[in-house]
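Down below is the structure, laid out as structure tokens.
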Amino acid sequence: MNLQSPHLTIEMTQEIFYCKEALHLESGEILPEYKLSFTTQGQLNEKKDNVVWVLHALTGDANPQEWWAGLVGEDKFYDPSRHFIVCANFLGSCYGSTQPLSKNPSTGQPYYYDFPNITTRDIAASLDKLRLHLGLDKIDALIGGSLGGQVALEWAYTLKERLNKAIIIASNAKASPWIIGFNETQRMAIEADQSWGSRSPEAGKKGLEAARAIGMLSYRHPQTFQQHQSETEEKTDNFKISSYLRYQGMKLANRFNALSYWTLSKAMDSHDLGRGRGGTAAALAKIHCSVLAIGVDTDLLFTCIESRFISLHTARGTYREISSLYGHDAFLIEYEQLQYILQSFYLEDNRSVRT
């Protein structure tokens, strides 16, 4: 299927990859089959060395031009006239890939709460099956932020010499107790919804609204709310921030489901590049491609210290920092800074390859 847009002259193709090969999960469970919704835009060059794989965040989809429009698209840094751009909706997400509302082949009914626990490593493994299906021997660059950065790092470890560059934005090599705690409070909000536990696509919808409101506090920064949600009137109730958070909760609940949110937040919690590999630093040392770790100076969720750790412990690591009012969400907002950082990184990387 081709995605039509008045702003696109190079078509984006959306397809479904059906994998009939079982996926063995870290939990010991097995997904007998699964599907991934994905998009491609641009053409492979003769050398097949222009592949850029974009990885989305927690509630993203396979169309990066919807949520990373300042970075991906025609006349942007990742331009389909130069790059072959691939983006797949993650396993567990509800934008066309296998998820808790998908049919369980063993029962013929939706999985609901029987959907297996998946990890960032499992998601990376499912994406690699798609890479093989597409006949891509090498990937020039992986780029992802937040959960997408976690998955990119896991995948970079297994791709080895088949990957040239990994760009990890506002992310980490191991989920911190702080992140797990925020995710747990959001799951508690979902659990508190009386509909949670019912075998229905609407299960936990009101709880998801509350969960998103909690999440928004970690995605931004106190300065963000001070600037945009401060009151100009003397009030005792009905504050702007209250209506803003309720709006954001309803907005997400109308496009996402609580079961997928639960599943992917658990996957984020699971993230530990060093699990079974001798520890985080040892695992990072085995990633030999060029690695750009980008932190955000006001990020309360994925701290700059965690991004620096990635660059310090990878063999060819570089650290850069975005300065922003917008906290964690800056990786989806501060396009000019991102483009400048990426341009500098690519120039430096090209020089090192030539020498």
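Mapping of the sequence shown onto full-length UniProt numbering: position 196 corresponds to residue 196, and the numbering continues sequentially without gaps.
Each residue gets a CB set at the ideal place from its N, CA and C atoms; glycine is no exception.
Okay, do the region 277-293 and the region 246-256 touch, 3+ Cβ pairs below 8 Å being the bar? Contact between the region 277-293 and the region 246-256 is absent: fewer than three C-beta pairs spanning the two stretches fall below 8 Å.
Measure how close the beta-carbons of residue 62 and residue 94 come, nearest whole angstrom, since I'm counting them as under 8 Å. Here residue 62 is taken as the residue at index 62 of the sequence shown, counted from 1. Here residue 94 is taken as the residue at index 94 of the sequence shown, counted from 1. The Cβ separation is near 12 Å, so there is no contact.
If you draw a straight line from the alpha carbon of residue 115 to that of residue 100, how long is it in whole angstroms? Your numbering for residue 115 matches position 115 in the sequence shown. Your numbering for residue 100 matches position 100 in the sequence shown. Cα to Cα, the separation comes out at about 5 Å.
Got a sec, what are the start and stop residues for the beta strand (DSSP E) residue 88 sits in? As a first step, residue 88 is located in the sequence shown; it is residue number 88 there, counting from the start. According to the DSSP assignment, residue 88 belongs to the beta strand (DSSP E) that extends over 84-88.
Simplified DSSP assignment, three categories, for residue 255: Within the sequence shown, residue 255 is the residue found at index 255, counting from 1. Looking at residue 255 - three-state DSSP - the assignment turns out to be coil, as it is neither helix nor strand.
With burial defined as no fewer than 16 other Cβ atoms inside 10 Å of the residue's Cβ, what is the status of residue 226: buried or exposed? Stepping through the sequence shown from its first residue, residue 226 is reached at position 226. Answer is exposed; the Cβ neighbour count stays below 16.
Where does residue 19 sit, in a helix, a strand or coil, going by DSSP? The sequence position of residue 19 within the sequence shown is 19, counting from 1. It is a strand residue.
Does the region 126-137 come within contact of the region 103-110, defined as at least 3 CB pairs closer than 8 Å? Counting C-beta pairs with one atom in each stretch, the region 126-137 and the region 103-110 have fewer than three that are closer than 8 Å, which means they do not touch.
Span of the beta strand (DSSP E) around residue 165: As a first step, residue 165 is located in the sequence shown; it is residue number 165 there, counting from the start. Bounds of the beta strand (DSSP E) holding residue 165 are 163-169.
Unbroken beta strand (DSSP E) run spanning residue 38, endpoints: By one-based count along the sequence shown, residue 38 stands at place 38. From DSSP, the beta strand (DSSP E) with residue 38 extends over 34-41.
Measuring CB to CB, does residue 159 end up less than 8 Å from residue 171? The residue given as residue 159 occupies position 159 in the sequence shown. The residue given as residue 171 occupies position 171 in the sequence shown. Cβ atoms of residue 159 and residue 171: not closer than 8 Å.
For residue 341, which three-state DSSP category applies? Taking the sequence shown and counting its residues from 1, one reaches residue 341 at position 341. In this structure, DSSP gives residue 341 a helical state, which the three-state scheme calls helix.
Going by beta-carbon coordinates alone, are residue 325 and residue 223 separated by less than 8 Å? As a first step, residue 325 must be located in the sequence shown, where it is residue number 325. As a first step, residue 223 must be located in the sequence shown, where it is residue number 223. Taking 8 Å as the cut-off, the beta carbon of residue 325 is found closer than this to the beta carbon of residue 223.
Just confirm the distance between the C-beta atoms of residue 155 and residue 136, as a whole number of angstroms; I'd bet it's less than 8 Å. Against the sequence shown, residue 155 aligns to sequence position 155. Against the sequence shown, residue 136 aligns to sequence position 136. 12 Å between Cβ atoms; not a contact.
Specify the secondary structure class of residue 293 as computed by DSSP and reduced to three states. The residue you call residue 293 lines up with position 293 of the sequence shown. In the structure shown, residue 293 sits in a strand (DSSP, three-state: E or B).
When the Cα atoms are used, what is the spatial distance from residue 69 to residue 202? As a position in the sequence shown, residue 69 is number 69, starting the count at 1. As a position in the sequence shown, residue 202 is number 202, starting the count at 1. Residue 69 and residue 202 have their alpha carbons spaced roughly 30 Å apart.
Of all the options 72, 46, 60, which has the alpha carbon lying nearest to the alpha carbon of residue 52? As a working mapping, residue 52 is identified with position 52 in the sequence shown. Ranking 72, 46, 60 by Cα distance to residue 52 puts 72 first.
Taking residue 356 and residue 64 to be in contact with their CB atoms under 8 Å, please state how far apart those CB atoms are, rounded to whole angstroms. There is simply no residue 356 to check, as the chain begins at 1 and stops at 355 in what is shown.
In terms of DSSP beta bridges, what is residue 103 paired with? If you number the sequence shown from 1, residue 103 lands on position 103. Bridge partners of residue 103: 110.
Contacts around residue 299, its chain only, beta-carbon distance under 6 Å, and the 5 residues preceding and following it disregarded: Position 299 of the sequence shown, counting from 1, holds the residue named residue 299. Cβ neighbours of residue 299 beyond the five flanking positions: 170, 327, 328.
Which partner residues of residue 285 appear in the DSSP bridge assignment? Position 285 of the sequence shown, counted from the start, is the residue given in the question as residue 285. In the DSSP assignment, no residue is bridged to residue 285.
Rounded to whole angstroms, what's the CA-CA distance from residue 231 to residue 189? Just pull it up for me. The sequence position of residue 231 within the sequence shown is 231, counting from 1. The sequence position of residue 189 within the sequence shown is 189, counting from 1. Cα to Cα, the separation comes out at about 27 Å.
Residue 178 versus 27, 48, 302, residue with shortest Cα-Cα distance: Taking the sequence shown and counting its residues from 1, one reaches residue 178 at position 178. Considering only 27, 48, 302, the residue with the shortest C-alpha distance to residue 178 is 302.
Coarse secondary structure for residue 119, derived from DSSP in three states: To locate residue 119, count along the sequence shown from 1; it is residue 119. Residue 119: coil per DSSP, three-state reduction.
Taking the C-alpha atoms as reference points, what is the distance between residue 35 and residue 20? Taking the first residue of the sequence shown as 1, we reach residue 35 at position 35. Taking the first residue of the sequence shown as 1, we reach residue 20 at position 20. Each residue's alpha carbon lies about 9 Å from the other.
State the DSSP-derived secondary structure class of residue 226, mapped to helix, strand or coil. Along the sequence shown, read from residue 1 onward, the residue named residue 226 stands at position 226. Of the three classes helix, strand and coil, the one that applies to residue 226 here is helix, per DSSP.
Three-way DSSP call (helix, strand, coil) for residue 198 in this model: For the purposes of this step, residue 198 is taken as the residue at position 198 of the sequence shown. Strand, per DSSP.
Hey, is the region 286-296 in contact with the region 312-325, meaning 3+ C-beta pairs nearer than 8 Å? Here the region 286-296 makes contact with the region 312-325; the two share three or more CB pairs at distances below 8 Å.
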